[in-house]
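Structure first, then comments.
In the UniProt record's numbering, the protein residues as written are 1 to 1139.
What follows is the structure, given as structure tokens:
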């Protein structure tokens, strides 16, 4: 198997769809640093399943997608596809018959990776499983990246062991062992769960057994409970009816007493109303007198208050006048002080104003001078910068010309070299001779042979397909037959165990000595019933303690029995048979009164009754009949199984023969196809070579003519550049002198401008200080003026206020004189006398009110007694009515319960004992319920559940046995895998060690190297390597130089390839640390190994490049984008020889 081609699109620097063919055994990938050569190896590693971005020189898996360049946009998908030539059928399994295998992987910006195998979507595991054991993989010894060759030697023992395992082909065994261990773990987990379930089922079965026994007792107690409960309900109903009648009589008596109390209460209420009317009239008179009394009191209070208020007003007016005069004096003093301050501020402002104007004028003159200097300075500075820029441009032109001159010289040399190369190639093409080999006849014969092989393969494939169908059908029949045998066998074992359990004593029972007619087992069971379990004994043993049937004491012939060794005539003589219940009913009118009719489905019919057997587990008679049927069926199935096994064996032998024949035909067809491909490729190569030669010759002539013209043009360009360079030198000196003069003028301007700016800053500072001072004086002046105006306004307000107070005081004095003139004392005396008379009248009215109120209170107390009596009677009547309604409701509830439970009231009352009472029946019901409660929770379906759980437990026991057998087979498989792994690892280790000891002296020209194990356990031991080049006795591998480590690692890799050569080997600059002598040794070893292994290597060494049969050049003509140029060395050599 070989790598034919790689297709890349959007992968790292290969943004455009790119195809890289590998047609030779030795292919070299060359190109400058950074052009994307190592991306080819990364692409192969990535497709083979690499999942760690660090091993692809990235931080994330999306880093393999082209991320854009200066001229390209990023892409969203990266894809790589590998094509393998599988004509030798090296790949295992279903892909061995494919001549070509394609493996593809795509990744998107979302990080989703997709794998394809021959165009079909698959998993990453499918890819790794496909190449497992072939030496290929994302980190196998077949792909050696940069730096890995030295890390290989210094790797850990367990890491080095991985390469030996891959060479031994035991990686697939380790994968199978891992899968087997997972299955064992799952099997053990299933066993634990199964054990838990079985334990739970065992506990459930014990409980169900007890529950089924308790179910019968429960039914008996429940029947007694229902009868007692019905009688208790009837007793309670009668008791509620009796109590309701008694309460109705009490309510009638209390209603009479209530009417009497209500009439007495009405009489007291009438008297109380008359007294309340008289009391209301007295209250009206009292209110009028009280109003007059309060009115006179108010007038007296007003006169007294008027006198006291006038005195207070006079005192307040005098105090306000004194305060206003004091404030006026203070304001006069403040106004005089503020006027003096205002005069002083006017003098200071008049003095500061001229000084500020003088300084402002001086500052304006300085600013005008600075502006004039800045205009002059800017023009001088612009002139200086222009001269400086001119000089910089001259220098730049000089550098550009120097670069152009150097570039022209190098181009002239390159064009001269190209002209020489083109002339040599033309000479080779003119002297080339073509070779034409005609293999048409041989090719036609070969095509006919291939067509014949293909027809035979198709016929053989059809035979195989039909045979596979027969084998599949035979296997299905075999499995179905095995399942039927297993089912019947398990059922037969169950029947045998049930029959053994049914025989409780050593003596025979009736069901064992009779045989029911086929299909009439249920009829026999319903007729004989419990007699079937009766003992069968000898006549001399019969007694009251030991009873039963006597065997051979009489035979009974009846349609229900096929044979009987006992006398059953008393039970069967009057029994007739019918196929079903319909037929039995049709026979019933003609049936004797003492006779019966038994049906096949287990019913017993007679005059006035129809009985049927309860649905339980199968009886002994049914089991015996089924036992005989199953025994015969198992024997027939075993015979059929033997026949199916023999037929399947013959079919498998035929399939083996057809497979061998198919392989032979495929091998012959592959050899013929290889030969045909070889002949066709030779013919195509000859034709293509002729066409290429003609095209290349024309191209070379055109390129030679173009290069000659280009050489002449470059010479003329170089001469013109020299002339320009001399002119620029003269211009540069002139500009330099002008630049010095301008720089002197600029420096002088800067000094004078700096002095003027300092003077201007000082003047500005003085002006700012004067302006600040003047502004403060003006602010103070305005503030003092404002205060003077406010004080004047305040003086006017105080004068107005003083005038108002004087007017009020004069008015009050006038009012005071008028009050004095009036006779206030006389008015007060009259009012006081009137108030005393009113007080006496009020006292008389209130004494009359008191007498009436006492009479009303006595009537109210009497009325209250009547109300309390009426309320008591009403409440008693209400309570009795509530009790009566409650009893009626209870009686109705009891009656409703009787109806719901279907209890006939009259029937139960007629059967009820006359001395029965509720308490006795309640105690009886509690005793029955207590007995039911003592039984605990009752499961009436316990018997059916017990049978179902028993069947389930038997099934789970079988499953447990199967799992234990599966566990033993898995553990046996692991032991076989471990044994095979040890053997393969030991054999491979010894062979690799032997090849390493032979290759190392060959590569180094002497010395020795060997592998060693770190442990005795071949399953877990690591592997170390020790190498001693000629003349050295180093104690460790780490003391070797970089080149020695590289050669040692190559020796190990090639030793592994000798034992188990991978389909191809990719090497990335492994010859970088080697000198020329070691490179030649490496190349010789590579040439020798290329007979069995396809090598694809990246190198910058010319010796290694010369070894290649095909060169693939990687270029980066466009920044960030890699392109491929392929050269066939054989064609190039042939072209050179022709020249």
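Virtual Cβ for every residue (Gly too), placed ideally from N, Cα, C.
* residue 203 vs residue 946 beta-carbon contact at 8 Å -> Residue numbering aside, residue 203 sits at position 203 when the chain shown is read from its first letter. Residue numbering aside, residue 946 sits at position 946 when the chain shown is read from its first letter. It is not a contact, given that the beta carbons lie outside the stated cut-off.
* Asked: Using DSSP with H/G/I as helix, E/B as strand and the rest coil, what is residue 960?
  -> Counting from one through the chain shown, the residue named residue 960 turns up at place 960. Here residue 960 sits in helix by DSSP.
* To do: Grab me the residues of residue 63's own chain with a C-beta within less than 7 Å of its C-beta, minus the 5 sequence neighbours each way, in chain order.
  => Against the chain shown, residue 63 aligns to sequence position 63. Same-chain partners within the cutoff: 53.
* When the Cα of residue 1113 is compared with those of 961, 1097 and 121, which residue comes out closest? -> Residue 1113 sits at position 1113 when you count from the first residue of the chain shown. The option with the nearest alpha carbon to residue 1113 is 1097.
* Asked: Thinking just about the alpha-carbon of each residue, which of 736, 1108, 960 and 967 is nearest to the one in residue 199?
  -> Counting from one through the chain shown, the residue named residue 199 turns up at place 199. Answer by Cα proximity: 960.
* To do: Please report how far the alpha carbon of residue 41 lies from the alpha carbon of residue 449, in whole angstroms.
  => Position 41 of the chain shown, counting from 1, holds the residue named residue 41. Position 449 of the chain shown, counting from 1, holds the residue named residue 449. Rounded to the nearest angstrom, the two C-alpha atoms are 41 Å apart.
* Neighbourhood of residue 286 by C-beta distance below 8 Å, restricted to the same chain and skipping five residues each side -> In the chain shown, the residue the question calls residue 286 occupies position 286. Around residue 286: 842, 845, 846 and 849.
* Asked: When we look at the beta-carbon of residue 17 and count the other beta-carbons within 10 Å, is it buried (16 or more) or exposed?
  -> The residue you call residue 17 lines up with position 17 of the chain shown. Its Cβ having fewer than 16 others within 10 Å, residue 17 is exposed.
* To do: Select from 964, 969 and 451 the residue whose C-alpha is nearest the C-alpha of residue 191.
  => Position 191 of the chain shown holds residue 191. Looking at the Cα atoms, 964 is the closest of the given residues.
* Asked: Do you know how far the Cα of residue 560 is from the Cα of residue 607?
  -> For the purposes of this step, residue 607 is taken as residue 607 along the chain shown, with counting starting at 1. For the purposes of this step, residue 560 is taken as residue 560 along the chain shown, with counting starting at 1. The straight-line gap from Cα to Cα measures roughly 21 Å.
* Under 6 Å Cβ to Cβ from residue 437, same chain only, skipping five residues before and after it: list those, please. => Locating residue 437 in the chain shown gives position 437, where the first residue counts as 1. The predicted model places residue 437 with a pLDDT of 46, which falls under 50 and marks its position as unreliable, so this point remains unresolved.
* Work out the CA separation of residue 987 and residue 1052 for me, nearest whole Å. => Reading the chain shown from its first residue, position 1052 is the one you call residue 1052. Reading the chain shown from its first residue, position 987 is the one you call residue 987. Rounded to whole angstroms, residue 1052 to residue 987 spans 16 Å at the Cα level.
* Inspect the beta-carbon positions of residue 164 and residue 992 and report whether they are closer than 8 Å. => Here residue 164 refers to the residue found at position 164 when the chain shown is read from its first residue. Here residue 992 refers to the residue found at position 992 when the chain shown is read from its first residue. In contact: residue 164 and residue 992 (Cβ atoms closer than 8 Å).
* **Three-state secondary structure (DSSP) of residue 22** => Walking along the chain shown from the start, residue 22 turns up at place 22. Coil.
* Any idea what DSSP makes of residue 614, helix, strand or coil? -> For the purposes of this step, residue 614 is identified with residue 614 of the chain shown, where counting begins at 1. Note that residue 614 has pLDDT 45, beneath the 50 cutoff, so the model's placement of it is unreliable and the number below is only indicative. Three-state result, residue 614: coil.
* To do: Provide the residue span of the beta strand (DSSP E) that contains residue 908, from first to last.
  => One-based indexing of the chain shown puts residue 908 at position 908. Per DSSP, residue 908 belongs to no beta strand (DSSP E); it is in the alpha helix (DSSP H), 905 to 911.
* Considering only the beta carbon of each residue, do residue 292 and residue 838 sit closer than 8 Å? -> On the chain shown, residue 292 is found 292 positions in, with the first residue counted as 1. On the chain shown, residue 838 is found 838 positions in, with the first residue counted as 1. Yes, Cβ-Cβ distance for residue 292 and residue 838 is below 8 Å.
* Asked: Taking the alpha carbon of residue 783 as the point to measure from, which residue in 263, 339, 69 and 196 has its own alpha carbon closest?
  -> In the chain shown, counting from the first residue as 1, residue 783 sits at position 783. Among 263, 339, 69 and 196, the Cα nearest to that of residue 783 belongs to 339.
* Asked: Between the stretch 411 to 426 and the stretch 703 to 719, do three or more beta carbon pairs fall short of 8 Å?
  -> yes
* Give a yes or no on contact between the stretch 272 to 285 and the stretch 918 to 935, applying the rule of three or more CB pairs nearer than 8 Å. => no
* **Cβ neighbour criterion (16 or more within 10 Å) applied to residue 525** => On the chain shown, residue 525 is found 525 positions in, with the first residue counted as 1. Its Cβ being crowded by 16 or more others within 10 Å, residue 525 is buried.
* What separation, rounded to the nearest whole angstrom, lies between the Cα atoms of residue 1143 and residue 130? -> Residue 1143 lies beyond the residue range present for the chain, which begins at 1 and ends at 1139; the question has no answer from this structure.
* Alpha carbon of residue 331 to alpha carbon of residue 787, nearest angstrom -> The residue labelled residue 331 in the question sits at position 331 within the chain shown. The residue labelled residue 787 in the question sits at position 787 within the chain shown. Looking at the two C-alpha atoms, the distance is approximately 11 Å.
* Start-to-end residues for the beta strand (DSSP E) that takes in residue 599 -> Numbered from 1 along the chain shown, position 599 holds the residue referred to as residue 599. Taken as a continuous stretch (DSSP letters only), the beta strand (DSSP E) holding residue 599 covers 596 to 599.
* To do: Note the first and the last residue of the continuous alpha helix (DSSP H) segment covering residue 160.
  => Locating residue 160 in the chain shown gives position 160, counting from the first residue. Per DSSP, the unbroken alpha helix (DSSP H) holding residue 160 starts and ends at 157 to 168.
* From the DSSP output, read off the bridge partner residues of residue 79. => If you number the chain shown from 1, residue 79 lands on position 79. In DSSP, residue 79 forms a bridge with 9 and 106.
* To do: Could you please give me the residues that DSSP links to residue 1118 through a beta bridge?
  => Sequence index remark: in the chain shown, residue 1118 carries index 1118 (1-based). The partner list for residue 1118 (beta bridge, DSSP) reads 1121.
* To do: Look at the Cβ atom of residue 66, then the Cβ atom of residue 15, and state whether they are nearer than 8 Å.
  => In the chain shown, the residue the question calls residue 66 occupies position 66. In the chain shown, the residue the question calls residue 15 occupies position 15. If you check the CB distance, residue 66 and residue 15 come in under 8 Å.
* To do: State the start and end residues of the unbroken beta strand (DSSP E) segment that holds residue 121.
  => Residue numbering aside, residue 121 sits at position 121 when the chain shown is read from its first letter. Bounds of the beta strand (DSSP E) holding residue 121 are 120 to 122.
* residue 1113 bridges to which residues according to DSSP? -> The residue you call residue 1113 lines up with position 1113 of the chain shown. Answer is 30 and 1125.
* Indicate the three-state DSSP secondary structure (helix, strand or coil) for residue 90 in the structure shown. => Indexing the chain shown from 1 puts residue 90 at position 90. Correct three-state label for residue 90: coil.
* **Separation of residue 175 from residue 650, as counted between CA atoms** => Here residue 650 is taken as the residue at index 650 of the chain shown, counted from 1. Here residue 175 is taken as the residue at index 175 of the chain shown, counted from 1. Each residue's alpha carbon lies about 35 Å from the other.
* To do: Quickly, what does DSSP pair residue 1068 with across the bridge? List them, please.
  => Here residue 1068 refers to the residue found at position 1068 of the chain shown. BP columns for residue 1068 point to 1098.
* Alpha carbon to alpha carbon, what distance is there between residue 125 and residue 8? -> As a position in the chain shown, residue 8 is number 8, starting the count at 1. As a position in the chain shown, residue 125 is number 125, starting the count at 1. Near 22 Å, if we compare the C-alpha coordinates of residue 125 and residue 8.
* **Buried or exposed by the 16-neighbour rule on C-beta atoms within 10 Å, applied to residue 1089** => Indexing the chain shown from 1 puts residue 1089 at position 1089. Label assigned to residue 1089: buried.
* Asked: With respect to the beta strand (DSSP E) encompassing residue 606, which residues constitute its N-terminal and C-terminal limits?
  -> Taking the first residue of the chain shown as 1, we reach residue 606 at position 606. It spans 603 to 606 - the beta strand (DSSP E) in which residue 606 sits, taken as one unbroken run.
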